Amino acid sequence: MACVAVGMTLVTAGFGWRLVDLQLRPDPALAGQIGSQVREQVIEAPRGDILDRHGRTMALSLTRPSIIADPRLVPAAEVDDIVGQLAAHLSTDPAVIERRLRSGQAFVFLERQVEPAVGDAVLALGLPGISSQDEPYRDHPNRECSGLSVIGRVDIDQVGISGLEERFDDHLTGEPGLAVRETQRGGDVRIPGGYQVVTAVEPGLDLHLTLDRNIQYEAEQLLVEALERTGGGKAMAIVTDPATGEIHAMANAVRDAETGEARCTTTNLAATWTYEPGSIMKALTFAAVLENGAWDEHTPVHIPSVISVARGAGMADHNYTDVNLRDGDATHPPSWIMAKSSNNGTIRLATKLGADPFQSTLERLGIGERTALEFKGEASGILDDLDSHGLMLS
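19 is the number of the first residue of the sequence shown in my numbering; add one for each residue after it.
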């Protein structure tokens with residue numbers, strides 16, 4: 019009897035294991051018998067957050083309801099009435115809703131990622147075959163002025179399409195999981211306990227930046243205010259730590275061509291726009307002069323009030339004046355030239371430096387080359403040979 023009892027226990031255990039085995043890994047040999055009773059369901063992986071240098075969120079994924087339907091459960095005679103009720107809450111064209119409800123498919127989207135209040139209102143209608151499911155969407159704590167020109171965007175399926183969201187899409191995107199769900203034949207009624215996760219979800223990884231969320235926001239606000247005050251068309255600012263080269267803010271703002279409103283923008287002008295730098299070149303000129311030992315920083319410089327510069331064959335000489343030298347020639351230390359943004363003082367130092375060392379220094383500073391940031395569409399800038407402009411520095 020003991021042997022029989024043990025034998026029965028083993029047999030029962032064997033059947034129990036076989037049932038579990040079928041639930042977790044349907045036997046291909048029995049697939050035809052099971053048919054539509056076992057359905058696979060992909061479990062989407064959460065996208066990683068984008069965080070600033072202090073761990074504060076700049077982009078994260080939250081959920082919103084999407085309105086869905088099983089057209090097989092929608093009575094054909096009620097489609098017109100159902101479309102009318104849905105149209106009062108959804109922005110989707112009623113003709114599109116009707117076409118989807120008459121498609122005969124098992125699953126259709128009627129409208130994706132609606133506001134929670136809209137989802138609640140639709141579900142409250144109690145319409146046959148109409149339900150909702152939560153879907154992730156990307157949120158930004160500072161809304162439009164959240165550094166979106168750098169952070170970038172994702173599409174409705176959470177795929178990065180611009181900025182850092184696109185460049186680091188593989189890093190931020192996790193690996194989806196897989197589950198199987200048992201239903202009665204026909205697939206309309208779920209079997210209690212018949213849901214098993216086969217492959218676990220691997221969430222996406224977070225991305226940590228050198229940006230400071232607060233500095234980024236304030237920089238963008240200042241640019242918007244500057245456009246409003248000056249009537250300018252576009253503005254950009256980059257805030258860095260000179261000691262490390264880390265970027266704490268990369269801000270962009272534009273004036274809307276249609277409304278005339280100054281606003282933050284998703285276009286990274288700081289990386290993609292080429293412009294003539296103006297007086298900022300004086301700082302680079304000073305760097306080249308000091309780096310190459312062309313002038314000692316403590317030695318005063320004699321600065322003519324008018325400098326006649328030869329511009330090359332076939333080009334007329336140009337006379338440069340300086341608003342700081344209305345009383346005639348003067349002698350000042352290099353620090354005065356820099357502080358006053360003196361045109362003639364800078365020209366005087368540049369002529370001491372010479373064209374070749376100046377060109378070489380600008381190239382070593384990366385002028386005319388793309389940065390290591392590797393932004394999509396990043397401009398390289400333009401650095402022609404100095405001699406091509408006819409300015410004789412040597």
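From the three backbone atoms N, C-alpha and C, an ideal C-beta is built for every residue, glycine too. Remember, it's a predicted structure, so these values are computed and weren't measured experimentally.
Beta-carbon spacing of residue i, residue j below 8 Å
{"i": "I68", "j": "L182", "result": "yes"}
{"i": "I85", "j": "I148", "result": "yes"}
{"i": "T379", "j": "A301", "result": "no"}
{"i": "H158", "j": "L166", "result": "yes"}
{"i": "M268", "j": "V172", "result": "no"}
{"i": "L143", "j": "S150", "result": "no"}
{"i": "A271", "j": "V242", "result": "yes"}
{"i": "Q131", "j": "E153", "result": "yes"}
{"i": "F376", "j": "L404", "result": "yes"}
{"i": "D230", "j": "R71", "result": "yes"}
{"i": "L245", "j": "L223", "result": "no"}
{"i": "P112", "j": "V101", "result": "yes"}
{"i": "H320", "j": "T339", "result": "no"}
{"i": "L119", "j": "A95", "result": "no"}
{"i": "A139", "j": "T292", "result": "no"}
Local Cβ density within 10 Å of residue i, reported as buried at 16 or more and exposed below that
{"i": "G178", "result": "buried"}
{"i": "S360", "result": "buried"}
{"i": "S180", "result": "buried"}
{"i": "G170", "result": "buried"}
{"i": "T303", "result": "buried"}
{"i": "E129", "result": "buried"}
{"i": "R65", "result": "buried"}
{"i": "D39", "result": "With a pLDDT of 43 at D39, under the threshold of 50, the predicted position of this residue should be treated as unreliable, and no value is reported."}
{"i": "F393", "result": "buried"}
{"i": "L104", "result": "buried"}
{"i": "T277", "result": "exposed"}
{"i": "T317", "result": "exposed"}
{"i": "A334", "result": "exposed"}
Rounded straight-line distance, which links the Cα of residue j to that of residue i
{"i": "M274", "j": "I298", "result": "Looking at the sequence shown, residue 274 is not Met but Asp. Approximately 27 Å, taken between the alpha carbons."}
{"i": "S121", "j": "P89", "result": "7 Å"}
{"i": "G311", "j": "I325", "result": "23 Å"}
{"i": "V97", "j": "G192", "result": "39 Å"}
{"i": "T364", "j": "L80", "result": "54 Å"}
{"i": "M254", "j": "I385", "result": "18 Å"}
{"i": "R117", "j": "G137", "result": "21 Å"}
{"i": "A197", "j": "E381", "result": "56 Å"}
{"i": "E238", "j": "N160", "result": "11 Å"}
{"i": "A218", "j": "R156", "result": "23 Å"}
{"i": "R247", "j": "H107", "result": "41 Å"}
{"i": "L225", "j": "I256", "result": "20 Å"}
{"i": "L423", "j": "P295", "result": "The structure shown does not extend to residue 423, since the chain spans only 19 to 412, so no value can be given for it."}
{"i": "P134", "j": "P83", "result": "6 Å"}
{"i": "L371", "j": "P352", "result": "14 Å"}
{"i": "L383", "j": "F125", "result": "57 Å"}
{"i": "N342", "j": "A357", "result": "11 Å"}
{"i": "E309", "j": "E279", "result": "44 Å"}
{"i": "M76", "j": "E236", "result": "14 Å"}
{"i": "W313", "j": "T284", "result": "44 Å"}
{"i": "L91", "j": "I174", "result": "27 Å"}
{"i": "F127", "j": "D99", "result": "18 Å"}
Residue i versus the options, residue with shortest Cα-Cα distance
{"i": "K252", "options": "D403, H72, N286, R74", "result": "N286"}
{"i": "V216", "options": "R366, A289, Q59", "result": "Q59"}
{"i": "T262", "options": "T228, L404, T339, M254", "result": "T228"}
{"i": "G249", "options": "T258, R281, L91, H226", "result": "R281"}
{"i": "T18", "options": "G372, H266, R388", "result": "Since the first residue of the chain shown is 19 and the last is 412, residue 18 is not available in this structure."}
{"i": "V327", "options": "H320, H336, I321", "result": "H336"}
{"i": "D188", "options": "T277, G195, P221", "result": "P221"}
{"i": "P322", "options": "R344, D314, A334", "result": "R344"}
{"i": "D347", "options": "C163, G399, N362, S398", "result": "N362"}
{"i": "N232", "options": "P351, A135, W313, S164", "result": "S164"}
{"i": "I265", "options": "G278, N342, Q234", "result": "Q234"}
{"i": "L78", "options": "V341, Q176, T283, K358", "result": "Q176"}
{"i": "G195", "options": "G395, D374, A63", "result": "A63"}
{"i": "L391", "options": "D99, T283, R185", "result": "R185"}
{"i": "A288", "options": "G395, R74, M76, E162", "result": "G395"}
Min CB distance residue i to chain D below 8 Å
{"i": "S323", "result": "Of the chains in the structure shown, none is chain D; there is only one protein chain."}
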